[in-house]
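Each residue of the sequence shown is one higher than the last, beginning at 509 in this note's numbering.
Glycine residues also receive a C-beta, built at the ideal position from the N, C-alpha and C atoms.
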Amino acid sequence: MFKKSLLYIFISLCVLGSISAQNAPVYFVTKTANFGKVVEEVGKIRYDFVFFNRGDVPIKIQKVVPSCGCTAAEYTEVAIPEDSAGHVQVVYNTINRPGEINKTVSVFFEGYETPVILFLKGIVVVNQRLIERELVYPFGNLRFQSKYLNLKTVRNLQPEKREFEFYNAGTKDVKIVRLSYDTSFMIVKLNKLDLKSQEIAKLDITYNAVARRDWGFVSDTITFFTTDDSMSVKRIPLAAHIEEYFAPLDATSAAKAPKIKFEKQDHHFGTVKEGAAVSFNYKFTNEGKEALVIRKLVPACKCISFEIPKYELAPGESSFVRLTLNTKDREGIQNKHLTIITNSPSNPSINLWMRANVVK
Numbered sequence: 509m510f511k512k513s514l515l516y517i518f519i520s521l522c523v524l525g526s527i528s529a530q531n532a533p534v535y536f537v538t539k540t541a542n543f544g545k546v547v548e549e550v551g552k553i554r555y556d557f558v559f560f561n562r563g564d565v566p567i568k569i570q571k572v573v574p575s576c577g578c579t580a581a582e583y584t585e586v587a588i589p590e591d592s593a594g595h596v597q598v599v600y601n602t603i604n605r606p607g608e609i610n611k612t613v614s615v616f617f618e619g620y621e622t623p624v625i626l627f628l629k630g631i632v633v634v635n636q637r638l639i640e641r642e643l644v645y646p647f648g649n650l651r652f653q654s655k656y657l658n659l660k661t662v663r664n665l666q667p668e669k670r671e672f673e674f675y676n677a678g679t680k681d682v683k684i685v686r687l688s689y690d691t692s693f694m695i696v697k698l699n700k701l702d703l704k705s706q707e708i709a710k711l712d713i714t715y716n717a718v719a720r721r722d723w724g725f726v727s728d729t730i731t732f733f734t735t736d737d738s739m740s741v742k743r744i745p746l747a748a749h750i751e752e753y754f755a756p757l758d759a760t761s762a763a764k765a766p767k768i769k770f771e772k773q774d775h776h777f778g779t780v781k782e783g784a785a786v787s788f789n790y791k792f793t794n795e796g797k798e799a800l801v802i803r804k805l806v807p808a809c810k811c812i813s814f815e816i817p818k819y820e821l822a823p824g825e826s827s828f829v830r831l832t833l834n835t836k837d838r839e840g841i842q843n844k845h846l847t848i849i850t851n852s853p854s855n856p857s858i859n860l861w862m863r864a865n866v867v868k
C-alpha cells in the first residue's frame, strides 16, 4: 500500500510538472500591435490585446512584465472562465523616444511557466516644428540645443552618461567622418554617421570624473570632422561641474569628517581708488577630526589673485586664504568672489566674497 501511494505521488508530480511546462491554453486575437507612424508629442498610445480561454477550467493572469519602463500594462485580474475573453491593455509613452518602437510584454498565467509574448511595433516621428524650436544653435548645417554640450553635475563615483540630439538642417546629406576628443576620460558614440536632410542623430557621452582629475567647472571639446560644405570641422565645447561624491554618513561618521569653518566669508573694502590692489586674509579652521583637503580655488574673475600657505590641514589646525582684488580699469560697485572646493561633506563648496566701490 505504501509503495502504491509513493507511485501515485510521483505520477501526480510528473503530471503537474508537465502542465506547468506547457503553454497556457489561451488564444490571443493578435500578439502584435503595430502603431505605424506616431508623432512624438502624442504621448501615451494604447492597444488592447484580447484573448480567449480555450482550456477546460478557469485561468488567471499571474503577472504582466513589460520589457522597459516606457511601457505599462493593465489586465483582467479575475479568473477567466472557459471560452470567455480577457484583456491585456498596453500603454506606450512616446515622449523623448523618437525612432523605432520594438518592445515586448510578457504575460504569465498561473500554473504555467512559459509566458505569452506580445509585441509592440511602430515608429515615433518628431514634429519638425518642435525640432527647429529646440535644436536651434548651428554648427554649419548641424544644429544643437545650445552652443555647448552641458553635462551639468558629474560626480567622482563612476562614469556618468549623458545623451544629446542634433539634426541636419541642410538640404544635403552630411557624413560624420570621425570624432576627436580626449579618450583618457571620455567615450563618445553616435547612433548614426550618415545624416540625411532633416534627420536627427543622437550623441552619447560617457564621462569619467575620476580620470578627468579636476574639480568644479571644467570645459572640454569634441571635434566633428564632416562632409558639411558649410562647416566641415566643428569644434563643439563641452562643460561639466565635477563634484565629490560623499556617501551617506551616520552621526558618528559625520562628527569625525573634516569640517571647514571660516571666521568671515564676506569682506567690504569700502571706497577704493581705481588701479589700487586691495587684499584681505580669510581665516579658517578644520573643526573636524580628519584631515581637511583644499581641492581647488577658482576665482570668478581675472581681477582676483590668491595665496594659500597649505592645502591640507590636520584636525584643529587653522590657516588662511589671502585674496587680492585688482581694480585696474574698473569703476563702480564691485562684487567678486572666489570658490573653494574641499573634502568637507558638510561644506564642499564655499564662496569668499570681496566687495568695493571703485572710484576714479
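If distances are taken between C-alpha atoms only, which option among V786, R605, I639, P823 comes closest to F792?
For the residues V786, R605, I639, P823, the minimum Cα distance to F792 belongs to P823.
Could you give the first and the last residue of the continuous beta strand (DSSP E) run that contains R838?
No beta strand (DSSP E) contains R838, which DSSP labels as neither H nor E.
Beta-carbon contacts of V741 that lie in its chain and below 8 Å, excluding the five residues immediately before and after:
Cβ-Cβ distances below 8 Å link V741 to T731, F732, F733, T734 in the same chain, with the five nearest sequence neighbours on each side left out; the list follows chain order.
Give me the Cβ distance between V662 and A719, rounded to the nearest whole Å; I'm assuming they're in contact under 8 Å.
Going by Cβ atoms, the distance from V662 to A719 rounds to 11 Å, so no, they are not a contact pair.
Mapping DSSP to helix, strand and coil, what is A529?
With a pLDDT of 49 at A529, under the threshold of 50, the modelled position of that residue is not reliable, and the figure given next carries that caveat. In the structure shown, A529 sits in a helix (DSSP, three-state: H, G or I).
Would you kindly work out how many angstroms separate the C-alpha atoms of I603 and V634, rounded to a whole number?
Roughly 10 Å separates the two Cα atoms.
By DSSP, does A759 sit in helix, in strand, or in coil?
A759 falls in the helix class under three-state DSSP.
Within 10 Å of its beta-carbon, does P589 have 16 or more other beta-carbons around it, so buried, or fewer, so exposed?
Counting Cβ neighbours within 10 Å, P589 comes out exposed, since fewer than 16 surround it.
Please name the residue or residues paired with M694 in a DSSP beta bridge.
Paired residues: Y715.
D681 vs K704 beta-carbon contact at 7 Å:
With respect to K704, D681 sits close: the two C-beta atoms are nearer than 7 Å.
Measure the Cβ-Cβ separation of T850 and R803 and say whether it is below 7 Å.
Yes, the pair counts as a contact, with Cβ atoms nearer than the cut-off.
Is the Cβ-Cβ distance between Y790 and L698 less than 7 Å?
In this structure, L698 does not lie closer than 7 Å to Y790 by Cβ.
With 16 as the cutoff for other CB atoms within 10 Å, does I684 come out buried or exposed?
Residue environment for I684: buried (at least 16 other C-beta atoms within 10 angstroms of its C-beta).
Would you identify the three-state DSSP class for K568, choosing helix, strand or coil?
Coil, per DSSP.
DSSP state of K680, grouped into three classes?
Three-state result, K680: coil.
Identify every run of the alpha helix (DSSP H) within the segment 715-740, keeping only runs that are complete inside it and at least 4 residues long; order them along the chain.
If you keep only unbroken alpha helix (DSSP H) runs of at least 4 residues inside the segment 715-740, you get 717-720.
Spatial neighbours of K552 within its chain, please: CB distance less than 6 Å, with the 5 preceding and 5 following residues excluded, ordered by chain position.
So the qualifying residues of the chain are V599, N601.
Count the other CB atoms, across all protein chains shown, that sit within 10 Å of the CB of Y645; report buried if there are 16 or more and exposed otherwise.
That one is exposed.
What does the alpha-carbon distance come out to for the pair V726 and E668?
Answer to the nearest angstrom: the Cα atoms are 15 Å apart.
Have a look at L757 and E751 and give me their C-alpha separation to the nearest angstrom.
If I take the Cα positions, the gap works out to 17 Å.
Might you give, ordered along the chain, the residues of its own chain that have their beta carbon closer than 6 Å to the beta carbon of T832, omitting 5 neighbours on each side?
Closer than 6 Å at the Cβ level, and outside the excluded window around T832, lie A785, S787, S813.
E795 versus E825: straight-line alpha-carbon distance, rounded
Rounded to whole angstroms, the gap between the alpha carbons of E795 and E825 is 8 Å.
Can you find a heavy atom of the ligand NAD that lies under 6 Å from the Cβ of A785?
No copy of the ligand NAD occurs in the structure displayed, which carries no ligand at all.
Give the list of continuous beta strand (DSSP E) stretches no shorter than 3 residues that lie fully inside the segment 632-668.
Taken in chain order, the complete beta strand (DSSP E) segments of 3 or more residues contained in the segment 632-668 are 645-647, 650-652, 657-663.
Going by DSSP, which residues form a beta bridge with D702?
K683.
Give me, in chain order, the residues of the same chain whose beta-carbon lies closer than 7 Å to that of D690; leave out the 5 immediate sequence neighbours on both sides.
Excluding residues within five positions, the ones whose Cβ falls inside 7 Å are D728.
A581 beta carbon less than 7 Å from that of F613:
The identity of residue 613 in the sequence shown is Val, whereas the question assumes Phe. Yes, the pair counts as a contact, with Cβ atoms nearer than the cut-off.
Kindly indicate which residue of N649, L626, I816, I841 has the alpha-carbon position closest to the one of V572.
Measuring from the Cα of V572, the nearest candidate turns out to be L626.
Under 7 Å Cβ to Cβ from T584, same chain only, skipping five residues before and after it: list those, please.
If we look at T584 and ignore the five residues flanking it on each side, its Cβ neighbours are I569, G594, H595.
Whole-Å CB distance - L805 paired with I744, under 8 Å assumed:
A Cβ-Cβ separation of about 29 Å leaves L805 out of contact with I744 under the 8 Å criterion.
Here's the rule I'm using: 16 or more other beta-carbon atoms within 10 Å means buried, otherwise exposed. How should A763 be labelled?
Label assigned to A763: exposed.
For D591, which beta-bridge partners are listed by DSSP?
According to DSSP, which records beta bridges pairwise, D591 is partnered with nothing at all.
Let's test the definition: count the other Cβ atoms within 10 Å of the Cβ of N865 and tell me whether it reaches 16, buried, or not, exposed.
By the 10 Å Cβ count, N865 comes out exposed.
Let me check one thing: in DSSP terms, what residues is Y583 bridge-paired to?
According to DSSP, Y583 bridges with V596.
Per-residue DSSP class, three states only, for E549:
Three-state result, E549: helix.
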